[in-house]
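Enquirer: Chains as they are written, first to last, in this note's numbering: chain A, 17 to 191; chain B, 17 to 191.
Protein chains: 2
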Amino acid sequence: MVRALRVAAGALGFFSGLLTPVLTVRPFSVSLPSQEVAGPAWNLGRLNHVAIAVPDLERAMAFYRDMLGAQVSHTVPVPEHGVSVAFVNLGNTKMELLHPLGDNSPITGFLQKNKFGGMHHVCIEVDDINAAMMDLKKKKIRVLSEEVRIGAHGKPVIFLHPKDCGGVLVEMEQA
Amino acid sequence: MVRALRVAAGALGFFSGLLTPVLTVRPFSVSLPSQEVAGPAWNLGRLNHVAIAVPDLERAMAFYRDMLGAQVSHTVPVPEHGVSVAFVNLGNTKMELLHPLGDNSPITGFLQKNKFGGMHHVCIEVDDINAAMMDLKKKKIRVLSEEVRIGAHGKPVIFLHPKDCGGVLVEMEQA
């Protein structure tokens with residue numbers, strides 16, 4: 017993991033553990049003749065999920081299932097990323113409940129600062145994650161890794177620095 | 017505004033100013049014969065929006081529009097609720113960017129604690145806001161008002177106490 021990501025993860029409790037490197041072999045041309053306007057080489061898609069870090073996963077699942085009547089998945093342990101996950105299906109999108117798994121979970125720090133839990137990040141889909149990363153880096157939006165990584169859902173993702181995103185940790189996931 | 021809401025709003029920077037009373041005249045029967053199982057009298061719907069409080073609305077709008085290529089609305093001043101609002105259309109749902117308007121904005125306190133901005137609440141639609149409120153109160157979920165109120169979008173809403181919702185301020189809006 018790159019140093020910049022380590023520093024950001026340490027300082028802000030980011031999802032460093034949820035990122036593993038992806039070998040990106042797809043070529044992507046960014047050189048255009050200067051008279052051409054470089055149109056968007058990638059497109060933003062739908063909101064994939066809102067991630068909520070919770071101190072008590074069973075209690076949070078029971079709240080959405082029994083109090084609100086939502087469809088809630090079973091718990092899915094994702095030990096390689098240090099979290100247990102459950103999904104709340106809201107029809108048009110989902111909420112992702114996250115709880116630390118193991119001793120070095122990447123969300124432990126967040127929960128120490130937010131003892132009752134809280135909104136951790138939003139995940140927005142994109143149609144070309146490599147193009148998005150290159151474009152955003154050109155636009156001076158800080159990406160929290162040098163490369164596209166595989167996220168907790170097994171799909172390529174990047175995270176954007178919240179200070180460049182109105183205070184919000186934004187995950188982008190290849191749709 | 018009821019005292020409980022004032023206290024919660026003062027302590028946690030909630031959306032107290034976004035709530036104005038609604039006269040609820042629809043009768044709703046909660047008395048069922050004891051042998052019957054009381055099924056859900058209301059249904060949870062889709063995620064209406066994720067609300068983001070931002071310290072610089074133009075900059076946040078420019079981020080989503082120019083950096084991410086999203087459709088972003090014009091700024092909508094809502095002086096009666098002490099906020100300026102802009103919407104980011106993500107297709108399946110939207111993000112609502114909030115910035116204080118006037119001297120007594122209900123999100124000023126939140127931004128003092130979150131200087132770069134941050135995720136403020138989620139809004140989930142319901143098909144019967146009065147039934148939802150009565151049911152949730154019976155289930156001991158704290159509702160931050162005695163009555164259903166009119167929210168910033170002109171629709172009836174309630175807010176649920178984040179300590180009962182895994183640390184998340186949950187707004188419910190009549191669809």
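Every residue gets a Cβ at the ideal spot worked out from N, C-alpha and C, and that includes glycine.
Output the distance between the C-alpha atoms of residue 84 of chain A and residue 59 of chain B, rounded to the nearest integer angstrom.
Expert: 8 Å
Enquirer: Looking at the unbroken alpha helix (DSSP H) that takes in residue 76 of chain B, where does it start and where does it end?
Expert: Looking at the DSSP string, the run of the alpha helix (DSSP H) that includes residue 76 of chain B is 73-78.
Enquirer: If the cut is a Cβ gap below 8 Å, which residues of chain A does residue 138 of chain B touch?
Expert: 66, 111, 135
Enquirer: By DSSP, does residue 146 of chain B sit in helix, in strand, or in coil?
Expert: For residue 146 of chain B, the three-state secondary structure derived from DSSP is helix.
Enquirer: Under 8 Å, with one C-beta from each stretch per pair, do the region 91-103 of chain B and the region 118-125 of chain B reach the 3-pair mark?
Expert: yes
Enquirer: For residue 192 of chain A, would you say it is in contact with chain B, using Cβ-to-Cβ distances shorter than 7 Å as the test?
Expert: Limits of chain A in this structure are 17 at one end and 191 at the other, which puts residue 192 of chain A out of reach.
Enquirer: Pull up the CB-CB distance for residue 77 of chain B and residue 102 of chain B, whole angstroms please, since I reckon it's below 8 Å.
Expert: Contact check for residue 77 of chain B and residue 102 of chain B: beta-carbon distance about 5 Å, within the 8 Å limit, so the pair qualifies.
Enquirer: Taking 7 Å as the CB-CB cut-off, is residue 84 of chain A touching chain B?
Expert: yes
Enquirer: Do you know whose CA, among B:125, B:161, B:182, B:180, lies nearest residue 174 of chain B's CA?
Expert: B:161
Enquirer: What number of angstroms, rounded off, separates the C-alpha of residue 133 of chain B from the C-alpha of residue 144 of chain B?
Expert: 32 Å
Enquirer: Straight-line CA distance for residue 227 of chain B to residue 64 of chain B?
Expert: Chain B is shown from 17 up to 191; residue 227 of chain B falls before or after that span and cannot be answered.
Enquirer: Do residue 126 of chain A and residue 69 of chain A have their beta-carbon atoms positioned less than 7 Å apart in this structure?
Expert: yes
Enquirer: In chain order, what residues of the same chain lie with their CB nearer than 6 Å to the CB of residue 40 of chain A, ignoring the 5 residues before and after it?
Expert: Bear in mind that the predicted position of residue 40 of chain A carries a pLDDT of just 42, short of 50, making it unreliable; the figure below should be weighed with that in mind. If we look at residue 40 of chain A and ignore the five residues flanking it on each side, its Cβ neighbours are 146, 164.
Enquirer: Look up residue 158 of chain B in the DSSP assignment and say whether it is helix, strand or coil.
Expert: coil
Enquirer: Where do the N-terminal and C-terminal ends of the beta strand (DSSP E) with residue 175 of chain B fall, by residue?
Expert: That run of the beta strand (DSSP E) goes 172-176.
Enquirer: Give me the residue from B:104, B:82, B:66 with the minimum Cα distance to residue 89 of chain B.
Expert: B:104
Enquirer: Keeping to the same chain, check which residues put their C-beta closer than 8 Å to that of residue 61 of chain B; ignore five residues upstream and five downstream.
Expert: 140, 141, 142, 143, 191
Enquirer: Pop quiz: residue 177 of chain A and residue 67 of chain A are said to be a contact at Cβ under 8 Å. What is the actual Cβ separation, rounded to whole angstroms?
Expert: Their Cβ separation, rounded to whole angstroms, is 16 Å, which puts residue 177 of chain A and residue 67 of chain A out of contact at 8 Å.
Enquirer: Out of B:171, B:188, B:130, B:82, which one is the CA nearest neighbour of residue 157 of chain B?
Expert: B:188
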